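In the numbering used here, the protein residues as written are 178 to 573.
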Ligand SMILES: Nc1ncnc2c1ncn2[C@@H]1O[C@H](COP(=O)(O)OP(=O)(O)OP(=O)(O)O)[C@@H](O)[C@H]1O
Ligand SMILES: [Mg+2]
């Protein structure tokens, strides 16, 4: 074998050109099919770069899961910053996902640490905000703050963010905000007062077949080497995206099929691989959220999963899940928390859309009301595997 042949062989080992481009946090250089949304954002926020006293603008991106809200917000932020720098405006883009930062205080503390290197301990939220705003003025800087999954915050926290310019004075607030949320979740926290402080509510519709096809074509060009995936296969995945109204499903299928091809030594993605991968993707289930759960929430979830598997029923009762949780804690030598805390973790899991729960009245039960818990679309055994993998890394 000569060197060229060696190189060729080496190059054929993977179907991927850039596997990381299929990670959820990746922002592609071009954003297809969201021109209208990006234009709305530009018209709202460009005043910041144009006016002598830059105004404070608040907008909201709304849409179902997997319609590209997060990627659109990040794409806009990235490019907005480039334009600002060209115009000599010192614009900072800050992105916070409320799955990681679950209150207004957490976000403000994090900003404070970043901008003033202080821990912010002992300060109220308003005092901390004041320090950040002063720092921005002193540095002649401006902040564009993106708050994703904002429905996790309390309504009054959202209002407080949107009210910064009113509270601290417009000339003191070198800050604009872009909120991001799924429509249904947003409706639960929206109030008249919040509405009155939004410059625009921008809705993203699910992609149709042609859009999906174009986007998947582009994403697979970035992710895969040439001839790894053909048009028929892309059309097949686009169809799945349209049926689920969720682009994440499509990206996940690309990623999983590619990994499978690599593992089995194929240099093309076949229809069978796509079918297989599609069965492994659960559109409403979000692995990225699982990664962000704290230890107690993970253990609580594991208790639920074990109950579902053991009882072989479509739902678990919270009392049973609590018992399983205790057993799980014991097996990992972790001190279990009391039942009231356990109920709190279950509520959190529900708010994060990992489980669904409802309170039912069970006639013959002595305690009367019960909480019935179900998983969304992932089978318990699959979730069990996933959690065990995680625990293996975390607790061993
Ligand atoms: N127009 C697009 N061009 C390229 N990739 C896209 C586009 N829209 C969505 N995607 C990709 O589809 C996946 C899902 O998009 P994204 O995470 O932005 O959805 P979302 O609306 O924020 O969903 P959720 O409500 O579940 O958070 C991501 O991998 C994203 O990069
Ligand atoms: Mg998102």
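All C-beta atoms in this analysis are idealised placements derived from N, C-alpha and C, irrespective of residue type, glycine included. Nothing here was measured: the structure is a model prediction, and the numbers come from that model.
Practice item. Answer yes or no: the CB of residue 247 versus the heavy atoms of ligand 2, is any distance below 7 Å? Key: Residue numbering aside, residue 247 sits at position 70 when the chain shown is read from its first letter. Yes, ligand 2 has a heavy atom inside 7 Å of this Cβ.
Review point. Between the C-alpha atoms of residue 272 and residue 354, what's the straight-line distance to the nearest angstrom?
Key: Locating residue 272 in the chain shown gives position 95, counting from the first residue. Locating residue 354 in the chain shown gives position 177, counting from the first residue. Between residue 272 and residue 354, the C-alpha separation is close to 10 Å.
Check your understanding: Is the beta carbon of residue 289 sitting closer than 8 Å to the one on residue 295?
Key -> Locating residue 289 in the chain shown gives position 112, counting from the first residue. Locating residue 295 in the chain shown gives position 118, counting from the first residue. Going by C-beta atoms, residue 289 is nearer than 8 Å to residue 295.
Point to revise | Boundaries (first-last residue) of the alpha helix (DSSP H) holding residue 320 | key: The residue you call residue 320 lines up with position 143 of the chain shown. Counting along the chain, residue 320 falls outside any alpha helix (DSSP H), though it belongs to the beta strand (DSSP E) covering 318-325.
Exercise for review: Return yes when the C-beta of residue 173 is under 7 Å from any heavy atom of ligand 2, and no when it is not.
Suggested key: In this structure the chain extends from 178 to 573, so residue 173 is not present and cannot be described.
Point to revise | Own chain residues within Cβ distance below 6 Å of residue 208, not counting five before or after | key: In the chain shown, residue 208 corresponds to position 31, counting from 1. Only residues of its own chain outside the window of five on either side were considered, and among them 252 have a CB closer than 6 Å to the CB of residue 208, listed in chain order.
Check your understanding: beta strand (DSSP E) containing residue 236: first to last residue?
Key -> Translated into the one-based positions of the chain shown, residue 236 becomes position 59. Counting along the chain, the beta strand (DSSP E) containing residue 236 begins and ends at 235-240.
Check your understanding: Given residue 582, which residues of its chain have a CB within under 6 Å of its CB, disregarding the five upstream and five downstream residues?
Key -> Here the chain covers residues 178 to 573 and nothing more, so residue 582 does not appear.
Practice item. Verify the contact flag: residue 210, CB atom, against every heavy atom of ligand 1, threshold strictly below 7 Å. Key: Stepping through the chain shown from its first residue, residue 210 is reached at position 33. At least one heavy atom of ligand 1 is nearer than 7 Å to the Cβ of residue 210, so yes.
Review point. Residue 218: which of 381, 229 and 523 sits nearest, CA to CA?
Key: Here residue 218 is taken as the residue at index 41 of the chain shown, counted from 1. Closest option to residue 218, Cα to Cα, is 381.
Practice item. Closer than 8 Å by C-beta to residue 267: which residues in its own chain qualify, once you throw out the five before and the five after it? Chain order, please. Key: Counting from one through the chain shown, the residue named residue 267 turns up at place 90. So the qualifying residues of the chain are 261, 316, 317, 318 and 319.
Check your understanding: What three-state label does DSSP hand residue 219 in the structure shown?
Key -> In the chain shown, residue 219 corresponds to position 42, counting from 1. Residue state, collapsed to three classes: helix.
Exercise for review: Could you round the C-beta distance between residue 305 and residue 285 to whole angstroms and report it? I think they count as a contact, below 8 Å.
Suggested key: Residue 305 sits at position 128 when you count from the first residue of the chain shown. Residue 285 sits at position 108 when you count from the first residue of the chain shown. 5 Å between Cβ atoms; contact.
Practice item. Quick one: residues in its chain with C-beta nearer than 6 Å to the C-beta of residue 421, no 5 flanking neighbours on either side, listed in chain order? Key: For the purposes of this step, residue 421 is taken as the residue at position 244 of the chain shown. The residues are 460.
Point to revise | C-beta atoms of residue 321 and residue 257 nearer than 8 Å | key: Residue numbering aside, residue 321 sits at position 144 when the chain shown is read from its first letter. Residue numbering aside, residue 257 sits at position 80 when the chain shown is read from its first letter. Going by C-beta atoms, residue 321 is nearer than 8 Å to residue 257.
**Study point:** C-alpha distance - residue 443 paired with residue 416, whole-angstrom precision
**Key:** Within the chain shown, the letter at position 266 stands for residue 443. Within the chain shown, the letter at position 239 stands for residue 416. Rounded to the nearest angstrom, the two C-alpha atoms are 24 Å apart.
Review point. Cα separation between residue 549 and residue 502?
Key: On the chain shown, residue 549 is found 372 positions in, with the first residue counted as 1. On the chain shown, residue 502 is found 325 positions in, with the first residue counted as 1. The straight-line gap from Cα to Cα measures roughly 16 Å.
Practice item. Tell me whether residue 206 is buried or exposed, calling it buried when 16 or more other Cβ atoms sit within 10 Å of its Cβ. Key: Here residue 206 refers to the residue found at position 29 when the chain shown is read from its first residue. Under this definition residue 206 is an exposed residue.
Review point. Roughly how many angstroms separate the alpha carbons of residue 398 and residue 504, rounded to a whole number?
Key: In the chain shown, residue 398 corresponds to position 221, counting from 1. In the chain shown, residue 504 corresponds to position 327, counting from 1. Approximately 48 Å, taken between the alpha carbons.
Review point. Does ligand 1 have even one heavy atom less than 7 Å from the beta-carbon of residue 205?
Key: Locating residue 205 in the chain shown gives position 28, where the first residue counts as 1. Yes; taking the cut-off as 7 Å, the Cβ of residue 205 has a heavy atom of ligand 1 nearer than that.
Check your understanding: What are the boundary residues of the alpha helix (DSSP H) that residue 507 is part of?
Key -> Sequence index remark: in the chain shown, residue 507 carries index 330 (1-based). 495-508 is the span of the alpha helix (DSSP H), which, as asked, contains residue 507.
Review point. Would a C-beta distance cut-off of 8 Å place residue 233 and residue 342 closer than the cut-off?
Key: Within the chain shown, numbered from 1, the residue matching residue 233 stands at position 56. Within the chain shown, numbered from 1, the residue matching residue 342 stands at position 165. A contact, by the Cβ cut-off of 8 Å.
Check your understanding: Given a threshold of 16 other Cβ atoms within 10 Å of its Cβ, counted over all protein chains shown, does residue 570 qualify as buried or as exposed?
Key -> Locating residue 570 in the chain shown gives position 393, where the first residue counts as 1. So residue 570 ends up on the exposed side.
Point to revise | Sequence-distant residues of its chain with Cβ nearer than 7 Å to residue 493 (five each side left out) | key: Numbered from 1 along the chain shown, position 316 holds the residue referred to as residue 493. Same-chain partners within the cutoff: 481, 484, 485 and 550.
**Study point:** Cβ-based burial, residue 237 [other Cβ within 10 Å; buried from 16]
**Key:** As a first step, residue 237 is located in the chain shown; it is residue number 60 there, counting from the start. It is buried - the Cβ of residue 237 has at least 16 other Cβ atoms within 10 Å.
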